[in-house]
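Asker: Structure below; questions to follow.
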Amino acid sequence: MSDAAALASRLGALALDLVVESVIDPVPSVRRVRLTGPGLENMAPQPGQDVMLAVSPTSRRRYSVRAYDATGPWVDLDFVLHGDGPAVTWATSAQPGDSISVVGPRGKVMVDPEAEWHLFAGDDTFVPAGFMMVESLPAGRRAIVIMEVDGDSDHQSLETAAALDGPHWVHRAGAPQGEAGRLVTALQGLDLPAGPGHAYLAGELRVVSAMRSVLLDKGMAAEAISPKPYWRLGVANQDHGEPQRD
Ligand SMILES: Cc1cc2nc3c(=O)[nH]c(=O)nc-3n(C[C@H](O)[C@H](O)[C@H](O)COP(=O)(O)OP(=O)(O)OC[C@H]3O[C@@H](n4cnc5c(N)ncnc54)[C@H](O)[C@@H]3O)c2cc1C
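Using the working numbering, read the sequence shown as starting at 17 and increasing by one per residue.
Pasting the structure below:
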């Protein structure tokens, strides 16, 4: 059994050898890679879930599903072009026909069916999962969306049957990624709706922790908050794709 197959079987996921079908940049800071291949029709990821990619012989990285079609079959992954790292290097050079080993679906953060309102907040890396989750919400629910990107050219459009408050784009305007202040300020200025709600937070490890603290201070219950660190400032993600924690 290959390493990927053993890992997939341990995780209750699929191990697939997929091929790049197309590559586009929906905005200049993001490379969207569409993967296809046999077996992908059985993956059926839920909005919010991700896949683990073998981006180099020694490194795996996790990327959220931005869109999925079982009939293609295909899956779209959006890579934030943040600088240097095996994942960005792979995505930057990806060409139709390239192959890659994929394990998925992964991830436990999914839409809370009991919540009447949903808050999505994070940086550029959370746009793919957050938008797919918002798109899946039915009419009668409310979605508040706050995403940090560098500027106007990074905005993407979002449509949903739910009542949409946003996306509210928070701009770095040339400042470095991974600073908590802007998203913290945006959350501090937010009036949380009444009724049962759920918050989904993702991005840089310390920024996610700071955002969670703001929501706890506002009276949200810890169980109603799903924080997920996606990367860590100044530290490469571990070889299985998770950011290192202290
Ligand atoms: C469940 C999950 C889902 C994710 N989904 C997505 C997704 O859909 N799209 C996406 O782009 N990312 C996503 N990420 C984050 C992505 O896996 C990390 O950003 C990863 O570190 C990128 O790997 P790399 O090889 O390019 O860089 P690494 O080798 O991990 O890191 C190299 C350097 O780059 C820095 N760095 C890493 N990411 C960023 C960043 N975003 N901005 C600034 N500096 C950074 C690190 O601090 C380090 O100094 C997800 C992560 C997880 C755990």
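Beta carbons are placed, not taken as given, at the ideal position from N, Cα and C, and that holds for glycine.
Within 7 Å: the Cβ of K124 and any heavy atom of ligand 1?
Answerer: What you label residue 124 is simply residue 108 of the sequence shown in a count that begins at 1. Answer for K124: no, Cβ out of range of ligand 1.
Asker: Should L232 and G138 be called a contact, given that it needs their Cβ atoms to be closer than 8 Å?
Answerer: One-based indexing of the sequence shown puts residue 232 at position 216. One-based indexing of the sequence shown puts residue 138 at position 122. No, these two residues do not count as a Cβ contact at 8 Å.
Asker: In the DSSP assignment, find the unbroken beta strand (DSSP E) run with L217 in it and report its ends.
Answerer: Sequence index remark: in the sequence shown, residue 217 carries index 201 (1-based). That run of the beta strand (DSSP E) goes G213 to E220.
Asker: I want to check one thing, is the minimum distance from the CB of Y84 to the heavy atoms of ligand 1 below 7 Å?
Answerer: Position 68 of the sequence shown holds residue 84. No; taking the cut-off as 7 Å, the Cβ of Y84 has no heavy atom of ligand 1 nearer than that.
Asker: So what's L153 in DSSP terms, helix, strand or just coil?
Answerer: Taking the first residue of the sequence shown as position 1, residue 153 is located at position 137. Three-state result, L153: coil.
Asker: Leaving out five residues on either side along the sequence, give the residues of the same chain with a beta carbon under 6 Å from the beta carbon of A179.
Answerer: Counting from 1 along the sequence shown, the entry for residue 179 is found at position 163. These residues qualify, in order along the chain: R158.
Asker: Check the C-beta distance from V35 over to D94 and give it rounded, since I have them as a contact under 8 Å.
Answerer: In the sequence shown, the residue the question calls residue 35 occupies position 19. In the sequence shown, the residue the question calls residue 94 occupies position 78. The pair is not a contact, with the Cβ atoms about 18 Å apart (cut-off 8 Å).
Asker: Starting from the N-terminal side, write out each stretch of the beta strand (DSSP E) that is 3 residues or longer and does not extend beyond the stretch 168–247.
Answerer: Counting only runs of 3 or more, we get 179–187, 213–220 and 241–247.
Asker: Confirm, please, whether the CB-CB distance from D66 to A189 is below 8 Å.
Answerer: For the purposes of this step, residue 189 is identified with residue 173 of the sequence shown, where counting begins at 1. For the purposes of this step, residue 66 is identified with residue 50 of the sequence shown, where counting begins at 1. Their beta carbons are not under 8 Å apart, which means A189 does not touch D66 by this criterion.
Asker: Using CA coordinates, which residue listed in I160, I116 and A31 is at the minimum distance from D181?
Answerer: One-based indexing of the sequence shown puts residue 181 at position 165. It is I160 whose Cα lies nearest to the Cα of D181.
Asker: Tell me, which residues are paired with A83 by DSSP?
Answerer: Locating residue 83 in the sequence shown gives position 67, where the first residue counts as 1. Looking at the DSSP assignment, A83 forms a beta bridge with D92.
Asker: I'd like to confirm something about G182: is its beta-carbon nearer than 7 Å to some heavy atom of ligand 1, or not?
Answerer: On the sequence shown, position 166 is the one that residue 182 refers to. No, ligand 1 has no heavy atom inside 7 Å of this Cβ.
Asker: Looking at V43: is its Cβ nearer than 8 Å to the Cβ of Q172?
Answerer: The residue labelled residue 43 in the question sits at position 27 within the sequence shown. The residue labelled residue 172 in the question sits at position 156 within the sequence shown. Yes, the Cβ-Cβ distance between V43 and Q172 is below 8 Å.
Asker: Can you tell which of V46, D166, Q204 and T74 has its C-alpha closest to the C-alpha of M227?
Answerer: Residue 227 sits at position 211 when you count from the first residue of the sequence shown. Answer by Cα proximity: Q204.
Asker: At what residues does the beta strand (DSSP E) containing T74 begin and finish?
Answerer: Taking the first residue of the sequence shown as 1, we reach residue 74 at position 58. From DSSP, T74 is part of no beta strand (DSSP E); its letter is neither H nor E.
Asker: Identify the residues that DSSP records as bridge partners of R261: which are they?
Answerer: Position 245 of the sequence shown, counted from the start, is the residue given in the question as residue 261. None; R261 has no bridge partner.
Asker: Report back the beta-carbon spacing between H98 and Q254 to the nearest angstrom; my notes put them in contact at under 8 Å.
Answerer: Within the sequence shown, residue 98 is the residue found at index 82, counting from 1. Within the sequence shown, residue 254 is the residue found at index 238, counting from 1. Contact flag wrong, Cβ pair sits at about 17 Å.
Asker: What do you reckon, is the C-beta of F95 under 7 Å from a heavy atom of ligand 1?
Answerer: Taking the first residue of the sequence shown as 1, we reach residue 95 at position 79. It does: the Cβ of F95 is within 7 Å (strictly closer) of some heavy atom of ligand 1.
Asker: Let me make sure I understand the geometry here. Which of S72, W133, R48 and D19 has the alpha-carbon closest to that of P209?
Answerer: Along the sequence shown, one-based indexing puts residue 209 at 193. The shortest C-alpha separation from P209 is found at W133.
Asker: Closer than 7 Å to a non-hydrogen atom of ligand 1 - does that hold for the CB of S75?
Answerer: Here residue 75 is taken as the residue at index 59 of the sequence shown, counted from 1. Checking the Cβ of S75 against ligand 1 gives yes.
Asker: Could you name the residues of the same chain whose beta carbon sits closer than 8 Å to that of A21, not counting the 5 residues immediately before and after it, in chain order?
Answerer: For the purposes of this step, residue 21 is taken as the residue at position 5 of the sequence shown. Taken in chain order, the residues that qualify are A31.
Asker: Where V224 and P245 are concerned, what is the direct C-alpha to C-alpha distance, given to the nearest angstrom?
Answerer: Taking the sequence shown and counting its residues from 1, one reaches residue 224 at position 208. Taking the sequence shown and counting its residues from 1, one reaches residue 245 at position 229. One C-alpha to the other measures close to 6 Å.
Asker: For D140, is the classification buried or exposed, using 16 other Cβ atoms within 10 angstroms of its Cβ as the cut-off for buried?
Answerer: As a first step, residue 140 is located in the sequence shown; it is residue number 124 there, counting from the start. Counting Cβ neighbours within 10 Å, D140 comes out buried, since at least 16 surround it.
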